[in-house]
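Read through the structure below, which is laid out as structure tokens, and then see the notes.
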Amino acid sequence: MSSHSAYEEVNQRVRLAGEILNIDSGVIQAITACEREVVISIPLHRESGIDVLSGYRVQHSSARGPRKGGIRFHQDVDLDEVRALASLMTWKTALIDVPFGGAKGGVTVDSSKLLPIEKEEVIRRWTRTLIHVLGPNRDIPAPDMGTDAQTMAWLMDEFHRLEGFQPACVTGKPVGLFGAAGREEATGRGVAQIAAATLKENDRKVKGATVAIQGFGNVGRYTALVCQELGMNVIAISDVTGGIFNKKGIDIKAIFDVKNLSEVSTDERIGAADVLEVECDVLIPAALGGVINESNAEKIKAEFVIEGANQPITNAADQRLNSMGIMIVPDILANSGGVMGSYFEWTQNIQQFSWSIEKFRKELDDRMEQAFTNVHKVAKKHKVDLRTAAFIVAVGRVSSAFSVRGSLV
Ligand code: NAD
589 MSSHSAYEEV
599 NQRVRLAGEI
609 LNIDSGVIQA
619 ITACEREVVI
629 SIPLHRESGI
639 DVLSGYRVQH
649 SSARGPRKGG
659 IRFHQDVDLD
669 EVRALASLMT
679 WKTALIDVPF
689 GGAKGGVTVD
699 SSKLLPIEKE
709 EVIRRWTRTL
719 IHVLGPNRDI
729 PAPDMGTDAQ
739 TMAWLMDEFH
749 RLEGFQPACV
759 TGKPVGLFGA
769 AGREEATGRG
779 VAQIAAATLK
789 ENDRKVKGAT
799 VAIQGFGNVG
809 RYTALVCQEL
819 GMNVIAISDV
829 TGGIFNKKGI
839 DIKAIFDVKN
849 LSEVSTDERI
859 GAADVLEVEC
869 DVLIPAALGG
879 VINESNAEKI
889 KAEFVIEGAN
899 QPITNAADQR
909 LNSMGIMIVP
919 DILANSGGVM
929 GSYFEWTQNI
939 QQFSWSIEKF
949 RKELDDRMEQ
959 AFTNVHKVAK
969 KHKVDLRTAA
979 FIVAVGRVSS
989 AFSVRGSLV
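This note's numbering puts the first residue of the sequence shown at 589, with every later residue one more than the last.
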């Protein structure tokens, strides 16, 4: 496999953790492999004729529970990326100790070019074709880039037609349709809380700390809002339409509801990628993978990088940033509020008992703090960076579940 494989990049992390923990190499081989991969075709009837799209569901691991992971609609989705994201879900759910394995889905399509009715047809077809591998105790999808609560509502409806009423079959649903109050903001809220905890841990002030964020979708938007609520100063933000910069701080509340940042009237425009190179205390990539790589690692001027997106930093760039003294909080910890929130939604659906948003937020904050503290403890014990520490915790838990279940016999 080429060194450009995102999946191989994750597996390098797993093998390193396995070596540190002295885990049998056969076990490491077994837990890095994907349990099941399904590739489907989705014929989409459009005005211009039929487009045949490629769809995926990769189930990486069920060692610790039903597989869990989002569905991405993006033009760059391919099998390698879905494998990488599915495996990250395995390590993330293990790190935060929720009873799930890992999975990911995707469709290779630019979601911004789909009409709502086309998007509905794509997700319904995806669900129908994959129905035999889905379900509340098998594999539970959620939103990711290019999909949202409405997409999950269509998925739930299609699932109900085929299998009967089971709202726990998918998470990230609208609050009016068995969704959980707090889930939509959960990823961004968690990222912002982790940013604040990182500043405190390093004896920096949260109030007035400068923040730059790439992405103004589900994750970036709520991250920015909660950073502002916690007293940080968001000085730069970008989305696919470009970026804005304001040394004194951008009022995120005022722009929260715009669809694209190009709609914001300001003179201080920067390029979508320039936001990564802004001088700031905290940099939060919260859009695409691989955006910090060998070509721009040297230009990063932040003191801390909090990974809101999955795999925003390549392994080579990660090494470079570490040697530059930049502290990185890895994706499987920093953005784990999303799957933590999904876990809360799933348990509420199963019990048919809903929580208040206050209870949701408190549970989320408490459990994120526990995970953060644990990763720091392990980093100190093994004298390793936070990413290696997070993988040590996750790989330790998955390998022992795998071994104790008797999968080797
Ligand atoms: P989204 O589709 O809601 O938003 C994506 C954002 O990225 C948009 O603002 C888009 O304009 C921006 N973007 C796209 N291309 C860009 C570019 N070239 N430059 C700058 N900005 C660009 O997606 P999301 O759900 O917010 O997911 C973002 C990242 O967070 C992904 O890596 C995803 O895997 C990860 N993540 C999401 C969740 C979740 O709960 N949604 C949870 C954990 C991790």
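Every residue, glycine too, gets a C-beta built ideally from N, C-alpha and C.
Alpha-carbon spacing of Val997 relative to Ala651, whole angstroms: For the purposes of this step, residue 997 is identified with residue 409 of the sequence shown, where counting begins at 1. For the purposes of this step, residue 651 is identified with residue 63 of the sequence shown, where counting begins at 1. With a pLDDT of 44 at Val997, under the threshold of 50, the modelled position of that residue is not reliable, and the figure given next carries that caveat. Going from the Cα of Val997 to the Cα of Ala651 covers about 15 Å.
Could you give the first and the last residue of the continuous alpha helix (DSSP H) run that contains His633? By one-based count along the sequence shown, residue 633 stands at place 45. Not the alpha helix (DSSP H): His633 falls in the beta strand (DSSP E), residues 624–634.
In this structure, does DSSP put Ser590 in helix, strand or coil? As a working note, residue 590 is residue 2 in the sequence shown. In this prediction, Ser590 scores a pLDDT of 44, lower than 50, which makes its location untrustworthy; no coordinate-derived value is stated.
Pick out whichever of Asp727, Ala783, Gly913 has its Cα sitting closest to the Cα of Lys889. For the purposes of this step, residue 889 is taken as residue 301 along the sequence shown, with counting starting at 1. Taking only the C-alpha atoms, the option nearest Lys889 is Gly913.
Can you list, in chain order, the residues of its chain whose CB lies under 6 Å from that of Pro858, leaving out five sequence neighbours each side? Residue 858 sits at position 270 when you count from the first residue of the sequence shown. The displayed chain sequence assigns Ile, not Pro, to residue 858. Within the same chain, Ile858 has close Cβ partners Gly831, Phe833.
Residue burial classification, Val640 (beta-carbon count within 10 angstroms, cutoff 16): Working through the sequence shown from its first residue, we reach residue 640 at position 52. When all chains shown are included, Val640 counts as exposed.
For my contact list, Arg655 and Ala691 are in at a C-beta cut-off of 8 Å; report their separation, rounded to the angstrom. As a working note, residue 655 is residue 67 in the sequence shown. As a working note, residue 691 is residue 103 in the sequence shown. That belief holds up - the Cβ atoms of Arg655 and Ala691 are roughly 4 Å apart, short of 8 Å.
Going straight from the alpha carbon of Thr739 to that of Met733, what length do you get? The residue labelled residue 739 in the question sits at position 151 within the sequence shown. The residue labelled residue 733 in the question sits at position 145 within the sequence shown. Taking the straight line from one Cα to the other gives about 11 Å.
Would Ala737 and Lys761 qualify as a contact pair, given that the criterion is a beta-carbon distance under 8 Å? Translated into positions along the sequence shown, residue 737 becomes position 149. Translated into positions along the sequence shown, residue 761 becomes position 173. Result yes, Cβ atoms of Ala737 and Lys761 sit closer than 8 Å.
Where DSSP assigns a beta bridge to Lys692, which residues make up the other side? Reading the sequence shown from its first residue, position 104 is the one you call residue 692. According to DSSP, Lys692 bridges with Val646.
Tell me whether Met733 counts as near ligand 1, meaning its Cβ is closer than 7 Å to at least one heavy atom of that ligand. Here the question's residue 733 lines up with position 145 in the sequence shown. Yes, ligand 1 has a heavy atom inside 7 Å of this Cβ.
Candidates Glu789, Ala842, Ala785, Gly796: which alpha carbon is nearest Arg809's? Walking along the sequence shown from the start, residue 809 turns up at place 221. For Arg809, the nearest C-alpha among the options comes from Ala842.
Would the C-beta of Leu876 count as close to ligand 1, meaning under 7 Å from any of its heavy atoms? What you label residue 876 is simply residue 288 of the sequence shown in a count that begins at 1. Indeed, a heavy atom of ligand 1 lies less than 7 Å from the Cβ.
Taking Cβ to Cβ, would you say Ala967 is nearer than 8 Å to Asp973? In the sequence shown, the residue the question calls residue 967 occupies position 379. In the sequence shown, the residue the question calls residue 973 occupies position 385. Contact: yes.
Would the C-beta of Val966 count as close to ligand 1, meaning under 7 Å from any of its heavy atoms? In the sequence shown, the residue the question calls residue 966 occupies position 378. Incorrect: Val966 has no Cβ contact closer than 7 Å to ligand 1.
Starting from Phe990, trace the alpha helix (DSSP H) both ways and give me its first and last residue. As a position in the sequence shown, residue 990 is number 402, starting the count at 1. First-last of the alpha helix (DSSP H) with Phe990: 974–992.
Over what stretch of residues does the beta strand (DSSP E) that includes Arg660 continue unbroken? Taking the first residue of the sequence shown as 1, we reach residue 660 at position 72. Element bounds for Arg660: 655–662.
What are the start and end residues of each continuous beta strand (DSSP E) run of 3 or more residues lying completely inside the segment 768–841, in chain order? 798–802, 821–827, 830–833
Label Gln958 either buried or exposed according to how many other C-beta atoms from any shown protein chain fall within 10 Å of its C-beta, with 16 as the threshold for buried. On the sequence shown, residue 958 is found 370 positions in, with the first residue counted as 1. Under this definition Gln958 is an exposed residue.
When DSSP builds the beta bridges, which residues end up paired with Phe753? Sequence index remark: in the sequence shown, residue 753 carries index 165 (1-based). Beta-bridge pairing links Phe753 to no other residue.
Given Ser636 as reference, the closest of Asn610, Gln617, Leu702, Phe661 once Cα atoms are compared: Position 48 of the sequence shown, counted from the first residue, corresponds to residue 636. Comparing Cα positions, the closest option is Leu702.
For Val822, collect the residues of the same chain with a Cβ closer than 7 Å to its Cβ; drop the 5 residues on either side in sequence, then sort them by chain order. As a working mapping, residue 822 is identified with position 234 in the sequence shown. So the qualifying residues of the chain are Val799, Ile801, Ala812, Cys815, Gln816, Gly837, Ile838, Ile840.
Buried or exposed, going by whether 16 or more other CB atoms sit within 10 Å of the CB of Arg645? Stepping through the sequence shown from its first residue, residue 645 is reached at position 57. With 16 or more Cβ atoms within 10 Å of its Cβ, Arg645 is classed as buried.
Measuring only the C-alpha atoms, how far is Asn610 from Val758? For this step, residue 610 is matched to residue 22 along the sequence shown. For this step, residue 758 is matched to residue 170 along the sequence shown. Looking at the two C-alpha atoms, the distance is approximately 37 Å.
At a threshold of 7 Å, does Gly913 count as lining ligand 1 (C-beta to nearest heavy atom)? Sequence index remark: in the sequence shown, residue 913 carries index 325 (1-based). Result no, Cβ not under 7 Å from ligand 1.
Taking the beta strand (DSSP E) that Pro729 falls in, what are its first and last residues? On the sequence shown, residue 729 is found 141 positions in, with the first residue counted as 1. That run of the beta strand (DSSP E) goes 727–731.
For Gln647 and Asp727, which I take to be in contact (beta-carbon distance under 8 Å), what is that distance rounded to the nearest angstrom? The residue given as residue 647 occupies position 59 in the sequence shown. The residue given as residue 727 occupies position 139 in the sequence shown. With 8 Å as the limit, Gln647 and Asp727 qualify as a contact, their Cβ atoms being about 6 Å apart.
Going by Cα to Cα distance, which pick from Ile619, Pro631, Leu632, Pro687 is closest to Gly657? Counting from one through the sequence shown, the residue named residue 657 turns up at place 69. The candidate whose alpha carbon is nearest that of Gly657 is Pro687.
Work out the CA separation of Leu871 and Lys793 for me, nearest whole Å. Taking the first residue of the sequence shown as 1, we reach residue 793 at position 205. Taking the first residue of the sequence shown as 1, we reach residue 871 at position 283. Answer to the nearest angstrom: the Cα atoms are 16 Å apart.
Counting along the chain, where does the beta strand (DSSP E) carrying Val917 start and finish? On the sequence shown, residue 917 is found 329 positions in, with the first residue counted as 1. Residues 915–917.
Quick one: Cα of Val828 to Cα of Phe804, how far? Position 240 of the sequence shown, counted from the start, is the residue given in the question as residue 828. Position 216 of the sequence shown, counted from the start, is the residue given in the question as residue 804. If I take the Cα positions, the gap works out to 9 Å.
Let me know the secondary structure DSSP gives Asp639 once reduced to three states. By one-based count along the sequence shown, residue 639 stands at place 51. Here Asp639 sits in strand by DSSP.
Beta-carbon proximity check, Pro755 vs Asn937, cutoff 8 Å: On the sequence shown, position 167 is the one that residue 755 refers to. On the sequence shown, position 349 is the one that residue 937 refers to. Yes.
Once DSSP output is grouped into helix, strand and coil, what is the label at Phe892? Here residue 892 is taken as the residue at index 304 of the sequence shown, counted from 1. The answer is strand: DSSP assigns Phe892 an E or B state.
Tell me whether Leu996 sits in a helix, a strand or coil according to DSSP, three-state version. As a first step, residue 996 is located in the sequence shown; it is residue number 408 there, counting from the start. Any answer about Leu996 is weak, because its pLDDT of 48 lies below 50 and its placement is not dependable; what the coordinates show is given next. It is coil, neither helix nor strand.
Quick check on this structure: which residue in His592, Val763, Asp666, Pro724 has the alpha carbon closest to the alpha carbon of Gly752? Taking the sequence shown and counting its residues from 1, one reaches residue 752 at position 164. Measuring from the Cα of Gly752, the nearest candidate turns out to be Pro724.
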